[in-house]
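Peer 1:
Chains as they are written, first to last, in the numbering used here: chain S, 1 to 398; chain A, 1 to 145.
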């Protein structure tokens, strides 16, 4: 079967423009994604990744918006690059249907494209589903997305190493400035290329190259406009029209898990609730009687959404001192809730930061149950999932 | 020498990808997920190359059947269609209300508004595109072209 490829603008130059955009942006997605794992501290998922563990360092607490930035970039860039990835795949698809090469090395190179293309599509699909809480795939997102990332990285590094000279040569073959001035009437195919991207018998053009670039750029802008709202507070939040985090209950800000979903019985956070510090037990009234501190801190989640609020409560370092461990080497926070995220480790830096709180109030009112009443942890730059709600106990390590 | 370097790079990267896959083997609780992960990995590839691409290529081909007009209709149909397709794919779970119990547990809010919002968005893109076409036709007529 011989396919007649019809597009007159498909060619190495156009492919290389998309390639250059991805070459610049994908490393940012990769690095911010890997940093997310570091931010999880000593309890990342999956736990045992053999030699592919990342450098271990204490996740900083300054600036407070660090995780908001890294994770927002990872998810946001990942979404807005979807049109570029699709355009890049469209631009090279004739190669999928070319006859396999006899040269073993070239054949092997071609086979590794499965890692590259399969890897990025797998990462996009699992990532998009995860940020919309759709677990239709039925396996551990964390494990799959981490393994998929390394498979993609392997394919990506190889592809860049092999194709960089071609990309540079192709980009030099035409002037971007000239292309941006060339209307439909002046659009002609690129000269035949050895890679076979340029159609030998194309249809007449219906879109100029600048039109195609504008189309892909427009797709990126459209997705950016529909996504950025999940990191903004105020009325702009609802511009994330189609994302779950564009919606909030009136007068409220987003939560990562509702009280009902936590499965906690109301009695467990009622009158009898107290905070267990090991040597000391404190009721909520006793906590409220301690010196209170107020801080504006973001909650930023792995799904890329974030929100900044004004939290008040007792400094974690004051609680450490009360527990008789004024200079802790770290802490472990346990929730009333049970489940995989019911226990969170904190580093010494996270405990001792002056804005790290066991919050009792937010925006001038007592926490609601959905936001973690009677008390929740809030620490600068700590991933939201580790800002434990419905805190039952904090163990400060000597 | 170049061939040796290429072959070495190739082997190195395949080894890295293979080693990454062993992360799954390290955790016995992940073993039942192996077929699912493989299916989704290969499935994403096949779905793009053998379903999504032929579908949108065929749809694009159908645009050549549009009536010939002085200002061609093709891009005024193509753009809203692509916008609709792109937003549908990216925001699919909310639009088709897949995974609603988890969304509800996570955010306290459901997915009810998303389908209507998406339809409005598609309508808006179509309307803007049609309006621009009308403006272009009018301007061309006014210019006596």
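Cβ atoms here follow ideal geometry from the backbone N, Cα and C, with glycine treated the same way. These figures come from a predicted structure and were not determined experimentally.
What three-state label does DSSP hand residue 110 (chain S) in the structure shown?
Peer 2: Helix, per DSSP.
Peer 1: I want to verify the contact list: residues of chain S whose CB lies under 7 Å from the CB of residue 67 (chain A), in sequence order.
Peer 2: What residue 67 (chain A) touches in chain S: nothing, since even the nearest Cβ is about 14 Å away.
Peer 1: Anyone know if the C-beta pair for residue 346 (chain S) and residue 323 (chain S) falls short of 7 Å?
Peer 2: It is not a contact, given that the beta carbons lie outside the stated cut-off.
Peer 1: Do the stretch 211 to 220 of chain S and the stretch 60 to 74 of chain A touch if we need at least three Cβ pairs shorter than 8 Å?
Peer 2: Segments in contact, no.
Peer 1: Can you tell me whether DSSP reads residue 299 (chain S) as helix, strand or coil?
Peer 2: Residue 299 (chain S): strand per DSSP, three-state reduction.
Peer 1: Please list, in chain order, the chain S residues whose beta carbon lies closer than 9 Å to that of residue 86 (chain A).
Peer 2: Per Cβ cutoff of 9 Å: 82, 83, 86, 219, 222 and 223.
Peer 1: Residue 108 (chain A): buried (16+ other C-beta within 10 angstroms of its C-beta) or exposed?
Peer 2: Buried, since its Cβ has 16 or more Cβ neighbours within 10 Å.
Peer 1: Throw me the rounded Cβ distance for the residue 224 (chain S) and residue 80 (chain S) pair, which I believe falls under 8 Å.
Peer 2: With 8 Å as the limit, residue 224 (chain S) and residue 80 (chain S) qualify as a contact, their Cβ atoms being about 5 Å apart.
Peer 1: Do we get a CB-CB distance below 7 Å when we pair residue 80 (chain A) with the residues of chain S?
Peer 2: With 7 Å as the cut-off, residue 80 (chain A) does not count as an interface residue toward chain S.
Peer 1: Rounded to a whole number of angstroms, what is the C-alpha to C-alpha distance between residue 261 (chain S) and residue 27 (chain A)?
Peer 2: Distance between the alpha carbons of residue 261 (chain S) and residue 27 (chain A): 28 Å.
Peer 1: Residues in the stretch 128 to 145 of chain S with C-beta within 7 Å of chain A's C-beta atoms, listed in sequence order?
Peer 2: Listed by position along the chain: 128, 129, 132, 133, 134, 135, 136, 137, 138, 139, 140, 143 and 144.
Peer 1: Residue range of the alpha helix (DSSP H) that residue 78 (chain A) falls in?
Peer 2: Note, residue 78 (chain A): alpha helix (DSSP H), 74 to 90.
Peer 1: Below 8 Å on the Cβ atoms is my contact criterion, and I expect residue 304 (chain S) with residue 76 (chain S) to pass it. Report the Cβ-Cβ distance as a whole number of Å.
Peer 2: So it is a contact: roughly 6 Å between Cβ atoms.
Peer 1: Following the continuous beta strand (DSSP E) through residue 97 (chain S), name the residue where it begins and the one where it ends.
Peer 2: Note, residue 97 (chain S): premise wrong, no beta strand (DSSP E); not H, not E.
Peer 1: Between which two residues does the beta strand (DSSP E) containing residue 274 (chain S) stretch?
Peer 2: Where residue 274 (chain S) is concerned, the enclosing beta strand (DSSP E) stretches over 274 to 276.
Peer 1: Spatial neighbours of residue 100 (chain S) within its chain, please: CB distance less than 8 Å, with the 5 preceding and 5 following residues excluded, ordered by chain position.
Peer 2: These residues qualify, in order along the chain: 107 and 110.
Peer 1: Could you check what DSSP says for residue 366 (chain S) in three-state terms: helix, strand or coil?
Peer 2: In the structure shown, residue 366 (chain S) sits in a strand (DSSP, three-state: E or B).
Peer 1: How long is the line joining the alpha carbons of residue 390 (chain S) and residue 85 (chain A), rounded to whole angstroms?
Peer 2: For residue 390 (chain S) and residue 85 (chain A), the distance between alpha carbons rounds to 42 Å.
Peer 1: Within a Cβ cutoff of 6 Å, which residues of the same chain sit near residue 30 (chain A), ignoring the five residues on either side of it in sequence?
Peer 2: So the qualifying residues of the chain are 24.
Peer 1: Cβ of residue 344 (chain S) within 7 Å of Cβ of residue 293 (chain S)?
Peer 2: No, they are not a contact pair.
Peer 1: Counting beta carbon pairs with one atom in the stretch 361 to 368 of chain S and one in the stretch 40 to 59 of chain S, are three or more of them shorter than 8 Å?
Peer 2: With the cut-off at 8 Å, the stretch 40 to 59 of chain S and the stretch 361 to 368 of chain S do not touch.
Peer 1: Closest to residue 197 (chain S) by CA distance: which of S:216, S:105, S:91 and S:114 is it?
Peer 2: Nearest option by C-alpha distance: S:91.
Peer 1: Hey, quick one: how far does the alpha helix (DSSP H) through residue 34 (chain S) stretch, first residue to last?
Peer 2: Segment 12 to 39, the alpha helix (DSSP H) holding residue 34 (chain S).
Peer 1: Which residues, in order along the stretch 231 to 257 of chain S, keep a beta-carbon less than 8 Å from a beta-carbon of chain A?
Peer 2: The residues in question are 241, 242, 243, 244, 245, 247, 248, 249, 254, 255, 256 and 257.
Peer 1: In angstroms, rounded to a whole number, what distance separates the CA positions of residue 238 (chain S) and residue 114 (chain A)?
Peer 2: Their backbone Cα atoms lie some 12 Å apart in a straight line.
Peer 1: Please go through the same chain and pick out, in chain order, the residues whose beta-carbon is closer than 7 Å to the beta-carbon of residue 34 (chain A), but skip the five residues on each side of it.
Peer 2: If we look at residue 34 (chain A) and ignore the five residues flanking it on each side, its Cβ neighbours are 24.
Peer 1: Distance cutoff 7 Å, beta carbons only. Does residue 133 (chain A) sit that close to anything in chain S?
Peer 2: So no, residue 133 (chain A) is outside the interface.
Peer 1: Taking all protein chains shown into account, do 16 or more other C-beta atoms lie within 10 angstroms of the C-beta of residue 120 (chain A), making it buried, or fewer, making it exposed?
Peer 2: That one is exposed.
Peer 1: Taking buried to mean at least 16 other C-beta atoms within 10 Å of its own C-beta, is residue 88 (chain S) buried or exposed?
Peer 2: Buried.
Peer 1: Is there a C-beta anywhere in chain S that falls below 7 Å from the one on residue 33 (chain A)?
Peer 2: Closer than 7 Å: yes.
Peer 1: Could you check whether residue 44 (chain A) and residue 423 (chain S) sit closer than 7 Å to each other, using their CB atoms as the reference points?
Peer 2: Lying outside 1 to 398, the shown extent of chain S, residue 423 (chain S) is not represented and no answer is given.
Peer 1: Could you check where the beta strand (DSSP E) with residue 24 (chain A) kicks off and where it finishes?
Peer 2: Counting along the chain, residue 24 (chain A) falls outside any beta strand (DSSP E), though it belongs to the alpha helix (DSSP H) covering 2 to 26.
Peer 1: By the three-class DSSP mapping on this structure, what secondary structure does residue 331 (chain S) have?
Peer 2: Three-state DSSP puts residue 331 (chain S) in a strand.
Peer 1: Rounded to a whole number of angstroms, what is the C-alpha to C-alpha distance between residue 169 (chain S) and residue 5 (chain S)?
Peer 2: Whole-angstrom Cα-Cα distance: 23 Å.
Peer 1: Within the continuous beta strand (DSSP E) that includes residue 396 (chain S), where are the two ends?
Peer 2: Counting along the chain, the beta strand (DSSP E) containing residue 396 (chain S) begins and ends at 391 to 397.
Peer 1: Which residues, in order along the stretch 93 to 108 of chain A, keep a beta-carbon less than 8 Å from a beta-carbon of chain S?
Peer 2: Answer set for the stretch 93 to 108 of chain A: 93, 94, 95, 98, 99, 102, 103, 104, 105, 106, 107 and 108.
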